[in-house]
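In our numbering, the protein residues as written are 0 to 220.
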């Protein structure tokens with residue numbers, strides 16, 4: 000049956016689309032984190048995030064991407080062959096990556112000026128605030144990057160990807176209050192932190208979607 004070939008081609012295009020998703024997510028996220036770490040290290044009297052926290056953050060973020068190979072793919076992404084285009088990947092990284100740094104710096108401002116974390120004795124509070132914000136923004140933005148449509152409304156991820164996103168975000172919020180907090184050098188966050196974080200997440204997702212739509216309108220990605 001020649002339809003087997005048709006199904007194989009479609010499946011191959013789905014695999015390719017999910018590979019591109021993963022590269023976009025990982026590369027843009029790391030590019031943005033590089034600017035955040037470099038900038039914070041230039042003016043902070045302590046490490047912006049402890050090594051154990053960096054490792055934990057990366058581990059949880061990587062775990063949130065495990066279901067990507069089985070993620071749902073939009074019909075438009077498999078309707079025709081998509082050639083490998085490194086220029087598109089480069090533009091995506093250069094425009095989307097720094098957005099995460101912008102909201103990282105807004106979190107730095109909040110932790111330093113609202114919660115008075117300039118004193119090195121408050122380093123753990125600063126690090127915890129950025130740890131949670133960094134983990135949640137990276138995990139949530141997966142759903143914006145995975146589709147050219149409006150996430151959650153016009154295009155929804157597969158159930159496993161949705162579940163890992165919710166699980167990792169909930170786990171990240173729980174860690175500062177968990178028995179593991181002392182081992183990870185995390186501390187309790189002020190109540191005011193959480194509504195500020197919610198506004199940060201909303202702003203980050205919204206701005207990333209706007210920039211993505213603009214790049215699509217220019218046929219740059």
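Ideal Cβ placement from N, Cα and C applies to all residues, glycine included.
DSSP three-state assignment for residue i, whether helix, strand or coil
i: residue 150; result: strand
i: residue 63; result: helix
i: residue 84; result: coil
i: residue 36; result: helix
i: residue 68; result: helix
i: residue 79; result: coil
i: residue 24; result: helix
i: residue 229; result: Residue 229 lies beyond the stretch modelled for the chain, which goes from 0 to 220, so this question has no answer here.
i: residue 2; result: helix
i: residue 49; result: coil
Assumed close pair residue i, residue j - CB separation to whole angstroms, cut-off 8 Å
i: residue 40; j: residue 50; result: Incorrect: roughly 13 Å between the Cβ atoms, too far for contact.
i: residue 111; j: residue 200; result: That belief does not hold up - the Cβ atoms of residue 111 and residue 200 are roughly 20 Å apart, past 8 Å.
i: residue 52; j: residue 108; result: That pair is no contact at about 20 Å.
i: residue 67; j: residue 21; result: 5 Å
Close beta carbons around residue i, own chain, < 6 Å, minus the five adjacent residues each side
i: residue 35; result: 100, 103
i: residue 96; result: 27, 30, 31
Close Cβ partners of residue i (< 7 Å) along its chain, the five nearest in sequence each way excluded
i: residue 15; result: 81
If we require 4 or more residues per run, which alpha helix (DSSP H) segments fall completely within the region 122-192?
122-144, 158-173
Indicate whether the contact test is met: 3 or more Cβ pairs, each with one atom in the region 174-184 and one in the region 77-90, closer than 8 Å.
no
Determine, using beta-carbon pairs with one atom in the region 203-220 and one in the region 154-174, whether at least three such pairs fall under 8 Å.
no
Can you find at least 3 beta carbon pairs, one from the region 166-178 and one from the region 113-121, that sit closer than 8 Å?
no
Answer yes if the region 54-64 comes into contact with the region 116-123, meaning at least three C-beta pairs across the two stretches below 8 Å, and no otherwise.
no
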